[in-house]
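Residue numbers (the working numbering): 306 to 657.
Okay, structure coming up:
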């Protein structure tokens, strides 16, 4: 794929800042929902949790005016497809308006239009770097099983806006582009500079015969919920990065972000990949690019962080505080021999 010409606007996320009272009014008038408000952090959307007197919780999501309404509809229809295809999947549900519409609009003070939708709120706490440490193999396997079920359900989903530019899509060409590598700080170049040419010339980039479909594309610990009473997997949130991509890309995100969940990368990732395979079998071509796919996600994360530090000043402090964790993940992963990993996974899944 030809690399997209990345701009600050692609990554300079500024959620809307409507008064809470305006969002409460919209929820009441358009959705018939009255509830106790709680603002939630969002990368792109302004999110307001509303909890009714009956204990039901919802999230009102207000997109920015520059967000393509077609992509918002893609995300809405993806969730509706999952509910219809695998109703027991623990993902948010789309709540219709009083009139039966799947979304509405909120006008800004400048007359701009903000696509808005209401979802059910999933209970549970997100995993983080601390809580994934020492997870049992069965718990890690449950992460993979959830993603396998998800991809199995998404395999029959399509949408006119499914193919769109997504900066965090490892197959968009950015991970090997000179333009993005120009932003790389010395620590990234020293650790991973060699990957630029490798990822551009390997099967990861050149094999167009691999399975492609719509994937979630953002299953890191912060988007995977723990059951409130246990450490088991309780749900998956944040469908804002959905995109059409090679199936193996779906495992790249937990691959790099759970790499330190076990004593070694093999200990951490074999259960996740096996759990996925149980629900949605991988083939030899999927497995052949897994190592490079995980590498690409780790490298792209570091590069996009450096880009944001340089081009998005209002985010630079937050990004700098997150970068050491990303570099730690990448360091751990690149210490794993690729042949050992691929042979081990092929044997574990009995795929040749």
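Backbone N, C-alpha and C fix where the C-beta goes; we use that ideal spot for every residue, glycine too.
Keep in mind the model is a prediction, meaning the values are calculated, not measured.
Roughly how far, in whole angstroms, is the beta-carbon of residue i from the beta-carbon of residue j, given that I think they are within contact range, below 8 Å?
| i | j | result |
| --- | --- | --- |
| residue 425 | residue 363 | 6 Å |
| residue 461 | residue 390 | 7 Å |
| residue 474 | residue 522 | 7 Å |
| residue 420 | residue 368 | 4 Å |
Does the separation of the CB atoms of residue i and residue j fall below 8 Å?
| i | j | result |
| --- | --- | --- |
| residue 325 | residue 497 | no |
| residue 459 | residue 538 | no |
| residue 586 | residue 638 | no |
| residue 320 | residue 354 | no |
| residue 376 | residue 517 | no |
| residue 464 | residue 379 | yes |
| residue 519 | residue 494 | no |
| residue 311 | residue 646 | no |
| residue 703 | residue 339 | No information on residue 703 is available, as it lies outside the stretch 306 to 657 that the chain covers here. |
| residue 384 | residue 398 | yes |
| residue 529 | residue 432 | yes |
| residue 551 | residue 515 | yes |
| residue 366 | residue 422 | yes |
| residue 592 | residue 610 | no |
Using the Cα positions of residue i and residue j, report the straight-line distance between them to the nearest angstrom.
| i | j | result |
| --- | --- | --- |
| residue 563 | residue 407 | 34 Å |
| residue 306 | residue 470 | Confidence in residue 306 is poor, its pLDDT being 40 and thus under 50, which makes the residue's placement too unreliable to answer from. |
| residue 492 | residue 608 | 11 Å |
| residue 525 | residue 574 | 13 Å |
| residue 582 | residue 335 | 42 Å |
| residue 445 | residue 542 | 17 Å |
| residue 606 | residue 352 | 24 Å |
| residue 584 | residue 652 | 18 Å |
| residue 370 | residue 655 | 49 Å |
| residue 640 | residue 566 | 15 Å |
| residue 621 | residue 499 | 26 Å |
| residue 532 | residue 643 | 34 Å |
| residue 561 | residue 403 | 42 Å |
| residue 513 | residue 414 | 46 Å |
| residue 619 | residue 627 | 14 Å |
| residue 484 | residue 631 | 21 Å |
| residue 442 | residue 650 | 15 Å |
| residue 329 | residue 401 | 16 Å |
| residue 347 | residue 657 | 42 Å |
| residue 648 | residue 435 | 29 Å |
| residue 540 | residue 490 | 36 Å |
| residue 617 | residue 472 | 15 Å |
| residue 361 | residue 636 | 43 Å |
| residue 337 | residue 405 | 12 Å |
| residue 476 | residue 555 | 11 Å |
| residue 430 | residue 572 | 24 Å |
| residue 478 | residue 333 | 44 Å |
| residue 416 | residue 372 | 15 Å |
Keeping to the same chain, check which residues put their C-beta closer than 8 Å to that of residue i; ignore five residues upstream and five downstream.
| i | result |
| --- | --- |
| residue 504 | 480, 481, 510, 597, 600, 601 and 604 |
| residue 345 | 352, 353, 354 and 364 |
| residue 327 | 411 |
| residue 322 | 351 |
| residue 331 | 365, 409, 411 and 421 |
Within a Cβ cutoff of 7 Å, which residues of the same chain sit near residue i, ignoring the five residues on either side of it in sequence?
| i | result |
| --- | --- |
| residue 457 | 584 and 585 |
| residue 449 | 576, 577, 578, 579, 580 and 581 |
| residue 374 | 420 |
| residue 615 | 488 |
| residue 382 | 464 |
| residue 437 | 526, 563 and 566 |
| residue 418 | 370, 410 and 412 |
| residue 468 | 549 |
| residue 447 | 537, 538 and 580 |
May I ask whether a heavy atom of the ligand HEM can be found less than 7 Å away from the beta carbon of residue i?
| i | result |
| --- | --- |
| residue 441 | The ligand HEM is absent from the structure shown, which contains no ligand whatsoever. |
Can you name, in chain order, every residue of its own chain whose Cβ lies under 6 Å from the Cβ of residue i, other than the five neighbours on each side?
| i | result |
| --- | --- |
| residue 387 | 394, 396 and 458 |
| residue 594 | 508, 509 and 553 |
| residue 341 | 356 |
| residue 251 | Outside the displayed span of the chain (306 to 657) sits residue 251, for which this structure offers no information. |
| residue 486 | 501 |
Start-end ranges of the alpha helix (DSSP H) lying completely within the segment 467-495, minimum 4 residues | 483-486
Taking only runs of the alpha helix (DSSP H) that begin and end inside the segment 564-627, which ones reach a length of at least 4 residues, in chain order?
-> 570-584, 589-593 and 595-616
Give, in chain order, every unbroken run of the beta strand (DSSP E) that is at least 3 residues long and sits entirely within the segment 365-418.
-> 409-412
Going along the chain, which unbroken runs of the beta strand (DSSP E) with 3 or more residues stay wholly within the segment 491-521?
-> 517-520
Which runs of the beta strand (DSSP E) fall wholly inside the segment 530-559 and span at least 3 residues, in chain order?
-> 538-541 and 548-551
Beta strand (DSSP E) runs contained entirely in the segment 319-374, provided each spans 3 or more residues | 341-345, 351-356 and 362-367
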